[in-house]
Structures are given as structure tokens and as C-alpha cells.
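Number of protein chains: 2
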Amino acid sequence: MTLIHIADPNDPRIGAYLDIKERDLTGRQGRFIAEGKVVLDVLLTAQRFRAESVLVLENRLAGLGGILAKAPPDLPVYVVSGETMDKIAGFHMHRGILAVGSRHAPQTAAALLEELPAGALVVVLVGIANHDNIGSIFRNAAAFGADAVFMDPTCCDPLYRKAIRVSVGAALKVPFASFEDTAAFTRELARHGYDQFALSPAGATDIRTVRRGRRVALYLGTEGEGLPKDLLDKLATVRIAMRRDFDSLNVAAASAIALHHFSESE
Amino acid sequence: MTLIHIADPNDPRIGAYLDIKERDLTGRQGRFIAEGKVVLDVLLTAQRFRAESVLVLENRLAGLGGILAKAPPDLPVYVVSGETMDKIAGFHMHRGILAVGSRHAPQTAAALLEELPAGALVVVLVGIANHDNIGSIFRNAAAFGADAVFMDPTCCDPLYRKAIRVSVGAALKVPFASFEDTAAFTRELARHGYDQFALSPAGATDIRTVRRGRRVALYLGTEGEGLPKDLLDKLATVRIAMRRDFDSLNVAAASAIALHHFSESE
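Heads up: the sequence lines are chains A and B, in that order. In terms of my numbering, the first sequence is residues 895 to 1160. In terms of my numbering, the second sequence is residues 895 to 1160.
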């Protein structure tokens, strides 16, 4: 890595970090912001994305030695004071560690599907438009060894800054791809030999009784609406048993229980 | 209920709603704020707390009929315009439904313990200081039929506005109490015949292999530090099996998996 001290918040070399809060809303042409020590570590370790630069508070630099040692020698590491950091980011950045990463051209769902191993656990998301939920689901997917996450066009971007942060970097680690048409993608999964389970409060089978096959696809929908009825009609539906007087579970919590059930970890 | 139209944001009758965002930080002397339709429903249905008043946007009133029918006849329901609502709350309140509830004198942990049934599942929280996590854990506790939540003095208040909202009202439903000394409370639980399990990433036993006894206490600690070592030394420790290269699970997700495991629902 190459240390570069920056004093001017308008220095063009750190232009990618300017007003990150505002710019989150408008997209960044193939780039994303990674925040915090753990996420930076994942970015520099995982192979799926490339770090373009790092921006770090001068008083956080000493604690980053081990992580920055994993960076390629030409990675620019911009070092700034707290005052300059806040001016760059547009708000008080108490974490003090940011990185810009770049994504390659997105992989198609069909291409990602071809790459998966003979035994695979995949997550299929329909309508998950909340960055907290997307981030948490990716975190659970990584913890329980899911091989990929597939998303319909109404899901939000897992590389949004907050989603990456909530995922603790899992959004940079677990391969993902979007599909256009859910019905067509379901046929594709069937063709590849996946047992497909739709999680629903009214699911026909208690998930505790479901045996894992070699290839499993777990479908998750939004908390309010749930998965679309035409999808539920086509797939095996599973439920998480809950109290009748309070049958309300956050979709991320539901994903944790279901992925833990289907996981082959340990 | 009694409908009262209010035009002046400084009307003393709605003083309890003024600047709720700021006042969250300073405590409210036995009162709390409930937000949204679902939480209001829990407040009016559950027996543990009393609604003092409701504040509602005029255009939301029609949709609340079924819920407000559960209110006692003398409950004041203040009706305001959107402009007045925002001035009262101090920020844009798009939900448009607020209520002030009051808590009785808090129950001691010892008293709550005496009330629990012969078969019971309780959650013991140590150091959970994040309102999102507290709220999510209460939501999971309600969904999986936990009988009570006990908290050490470093846990945050489950009746904080955001914690209630995240819990979807479960913080008003699941009985809770605080204890002063964790070691003494652990002895108390043992005396009451509880099998006590501490959830820890390095736990001795995979939770999938643990059988539920008649009385179970599940201990959860913070994500970073985990449960204190002296506590782990004294209790049976259980782990949730995860990938070795990403063994990071949010404490609320962990609570969902563990409570689902110990739940007797359905």
C-alpha cells in the first residue's frame, strides 16, 4: 500500500468519498463504499471485488497494520484528520475507515448457477427492498455457508453502503446475481436439480421436519406481503412454528432459522 | 374513547408527545411512547401497561376503528393535522399514530420468577445495550413463546421508543424484569430448577443436540465481547454451528435460532 496524507477535502484524489451519504441514493457506476475495519478486511481478502483506495483517520492507521498488509502494494491509502474526514463524508464519521471498491460487470443468474457445486444451498429473494434486511440475510447466508444469493428485480442493492455494513462484509463474500423473471428462474433451478422451498407463515410443512437434499433453494419474501401467491402455488411451502397470538418474525430472523436448518456447517 | 381535535402544538393536553425524539434520551418517568398501528393494538390488548392517550393524524383515524374499539371509553384520542403532528413530534412523523403508555412500578426479577409456570422458557440478557437488538430479541421471544426476559443492569430499556417499535409491540407483551447481580440471579434460577444454557460461539455443545427440559433459561450476551468468562465457566455452553471462515451472527439472529430450538410452539 501507499500512504498519502491529504489535508484538502476537495482534493480530487478522494473525490469518490465526497458526500457519500447523499450519493448513496443515486448509485455510483460500478463502485461501492465499504466502511469499518471488518468490512475492509473482507474486501481485501475476498476475491470478488477490487479495492480502489482506502480513506482512514490518522489515529486509526496504527490499528490497521495487519489488515492493510493484505492490500496490493499500489493500493492508495489516504490518511486524513478527523476534521477533514467529516468534511469529506458530509457527516461525522466516527468509524474512521472507508474504502472504495469496484464491481465487475454483474454476473447473470444463469452463469452463477452453472458455477455452483454439486451440493449447494442457495437463497432466492423476492421483493426484499430494505437494506437492513438484505444486509442481515447476506450475513446469515455467509454464516451458514450458502453458496449464492439470487434476487428478483424488486430487491435492493446489496452493495449499498448500509447493506454492506449490516452484512459485516458478507455482501462482498457471498456470490449473488439478479434474475428478471421469477417463474423462469424457478424452472431453471428445477432443471438444475434443486429442491425448492418457499418460507411462508402458512407453509404446509414445519421446517423442522424437512430433510436437506443435495441442492436446496430457499425462497424468502417480504414481511408484510410475503411471497407472491403464484409462486407459493408452485413450490413446496415450509413454515417456522410460532405462537398463534404473535406469529410475527422479521425476515432476517426467519432466514437465520431456515439457513441454520439447511446448513451443513461443522 | 373520546375524540379531541387539537390545532395548537403547544396545547398542554398533548405535552407528553412534545419533542419525543429528544426526550427519548432522557427518560420519561414511567411513561413510554408506542408508535404505529400494530404496536397500539398490542398496547390496548396486552394487560401489562396502561394507555394514557393516543395521538393520531386525522387521515389515519378511519383505519383505526377496529383497534380503538378495544380502548376504554375514557381514553383521550387526540386528532391532529399532519402539520401539527410534525410540530409536536419535532420531526416528520409519517406513521401518524402515537400513544403514551405508562408502566407500573417495575416488578423485581425474584417476583417475576415466582409467577412463571412449571414449564417455562426464559431469556437472560447480559450487556445488550443496543435498542435494535433488544427490540428484535423481544420480538423473537414473543414469537417463540418465551415466558419472560430478564436483564442485567447494563442492558438498555426495552420501553425505549425504538425498541418497542422494532419489537412490533412484543416489549409490551413479554414480561420482563431486571436483576442487579448476575451470579446471584444464576443461583436463583438454579434453585427454581432451570436448566441454564449460555449461547457462545465457542460453546461446548451444538445447540441442535440439546434436549429441552421443563424449565430452560437461555443466556445471550453482546456480539463483540460475548458473555463474561466467569458466567461461561459456571453454565452449560451451547453454540450455533457456523462456517469457520465467517462465524459472525447478530445476537438477534442467534436468539431466533436458539428460541426456535427451545420453543414448544405448535
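Heads up, the beta-carbon is just placed ideally off N, CA and C, and yes, glycines get one too. Please read all numbers here as calculations on a predicted model, not as lab measurements.
Comparing C-alpha positions only, which one of the options sits nearest to residue i?
| i | options | result |
| --- | --- | --- |
| LYS1128(B) | GLY1097(B), GLU946(B), PRO903(B), ARG944(B) | GLY1097(B) |
| GLU1119(A) | ARG1108(A), ILE1134(A), PRO1095(A), ALA1146(A) | PRO1095(A) |
| PHE1044(B) | SER947(B), PHE1140(B), ALA1148(B), LEU1112(B) | LEU1112(B) |
| GLY909(B) | LYS981(B), VAL1017(B), LYS1056(B) | LYS981(B) |
| SER996(A) | LEU938(A), ALA963(A), ALA1037(A) | LEU938(A) |
| HIS998(A) | PHE1156(A), GLU1074(A), GLY924(A) | GLY924(A) |
| GLU1117(B) | PRO906(B), SER1149(B), SER1157(B) | SER1149(B) |
| SER1157(A) | VAL1018(A), ARG1085(A), ALA1077(A), GLY1013(A) | GLY1013(A) |
| ASN1024(B) | MET895(B), THR896(B), ALA1146(B) | ALA1146(B) |
| ASN1034(A) | MET1136(B), ILE914(B), LEU951(B) | MET1136(B) |
| LEU1153(A) | SER1030(A), ALA1077(A), ALA965(A) | SER1030(A) |
| PRO1047(B) | PHE1032(B), PHE1079(B), GLY1063(B), LEU951(B) | PHE1079(B) |
| GLY1087(B) | LEU1007(B), ILE1134(B), ARG954(B) | LEU1007(B) |
| ILE1101(A) | ILE1134(A), ARG1138(A), ARG1081(A), ALA1077(A) | ILE1134(A) |
| GLN1001(B) | ARG1109(B), PHE943(B), GLY957(B) | PHE943(B) |
| GLY930(A) | ARG907(A), ALA965(A), MET987(A), LEU912(A) | MET987(A) |
| VAL844(A) | ARG1138(A), GLY1115(A), ASP1139(A), HIS1155(A) | The structure shown does not extend to residue 844(A), since chain A spans only 895 to 1160, so no value can be given for it. |
| PHE1140(A) | CYS1049(B), VAL1062(B), THR896(B), THR1076(B) | VAL1062(B) |
| GLY960(A) | MET895(A), THR1076(A), ARG907(A) | MET895(A) |
| ASP968(B) | SER947(B), ASN953(B), ARG1108(B) | SER947(B) |
| THR1076(B) | ALA1042(B), GLY1115(B), GLU1009(B) | GLY1115(B) |
| GLU952(B) | LEU912(B), ALA940(B), LEU1083(B), ALA901(B) | ALA901(B) |
| LEU1083(A) | VAL1017(A), LYS964(A), THR1099(A) | VAL1017(A) |
| THR1099(B) | GLN941(B), ALA965(B), ALA963(B), VAL1132(B) | VAL1132(B) |
| GLU1009(A) | ALA1042(A), LYS964(A), ILE1028(A) | ALA1042(A) |
Answer with yes or no whether the minimum CB distance from residue i to chain A is below 7 Å.
| i | result |
| --- | --- |
| ILE1165(B) | Any question about residue 1165(B) goes unanswered here, given that chain B covers just 895 to 1160. |
| ILE982(B) | no |
| VAL1145(B) | no |
| ARG1137(B) | yes |
| VAL1016(B) | no |
| ILE908(B) | no |
| ILE1151(B) | yes |
| LEU919(B) | Confidence at LEU919(B) is low in this model, with a pLDDT of 49, below 50, so its placement is unreliable and no value can be given for it. |
| ASN904(B) | no |
At least one CB of chain B closer than 7 Å to the CB of residue i: is that the case?
| i | result |
| --- | --- |
| ASN1024(A) | no |
| ASN1034(A) | yes |
| SER1142(A) | yes |
| VAL933(A) | no |
| MET1045(A) | no |
| HIS1154(A) | yes |
| ALA1037(A) | yes |
| VAL1062(A) | yes |
| ALA1003(A) | no |
| GLU1160(A) | In this prediction, GLU1160(A) has a pLDDT of 44, which is less than 50 and means its spatial position is unreliable; what the coordinates show is noted afterwards. At least one chain B Cβ lies under 7 Å of GLU1160(A). |
With respect to the alpha helix (DSSP H) encompassing residue i, which residues constitute its N-terminal and C-terminal limits?
| i | result |
| --- | --- |
| ILE1031(B) | 1025–1037 |
| PHE1179(A) | It is not possible to answer for residue 1179(A), since the shown part of chain A is limited to 895 through 1160. |
| ALA1057(B) | 1055–1060 |
| ARG1085(B) | 1076–1085 |
| LEU938(A) | 931–939 |
| GLY956(B) | Note that residue 956(B) is Ala in the sequence shown here, rather than Gly. No alpha helix (DSSP H) holds ALA956(B); DSSP gives it neither H nor E. |
| MET1045(B) | Note, MET1045(B): premise wrong, no alpha helix (DSSP H); beta strand (DSSP E) at 1042–1045. |
| ALA1092(B) | No alpha helix (DSSP H) holds ALA1092(B); the beta strand (DSSP E) holding it covers 1089–1093. |
Under 7 Å between the Cβ atoms of residue i and residue j?
| i | j | result |
| --- | --- | --- |
| LEU1143(B) | ALA1092(B) | no |
| VAL1060(B) | ASP1026(B) | yes |
| VAL1020(B) | LEU1121(B) | yes |
| GLY1015(A) | ALA1040(A) | Checking the displayed sequence, the identity of residue 1015(A) turns out to be Leu instead of Gly. Going by C-beta atoms, LEU1015(A) is nearer than 7 Å to ALA1040(A). |
| ALA1071(A) | ALA1065(A) | no |
| PRO970(A) | ILE898(A) | yes |
| ARG1055(A) | ILE1151(A) | no |
| LEU1005(B) | PHE1073(B) | Note on identity: in this sequence residue 1005(B) is Ala, with Leu being the wrong assignment. For ALA1005(B) and PHE1073(B), no; Cβs fall outside 7 Å. |
| LYS915(B) | GLY976(B) | no |
| VAL973(B) | LEU955(B) | yes |
| ASP1089(B) | VAL1110(B) | yes |
| THR978(B) | PRO906(B) | no |
| PRO1052(B) | PHE1038(B) | no |
Check for me: the beta strand (DSSP E) holding residue i runs from which residue to which?
| i | result |
| --- | --- |
| THR896(B) | 896–899 |
| THR1131(A) | 1130–1133 |
| GLY995(A) | 991–996 |
| ALA1111(A) | 1109–1114 |
| ALA1005(A) | Note, ALA1005(A): premise wrong, no beta strand (DSSP E); alpha helix (DSSP H) at 1003–1009. |
| ALA1014(A) | 1014–1019 |
Check your understanding: With a cut-off of 8 Å, do at least 3 Cβ pairs link the stretch 931–944 of chain B to the stretch 987–1006 of chain B?
Key -> The stretch 931–944 of chain B is in contact with the stretch 987–1006 of chain B.
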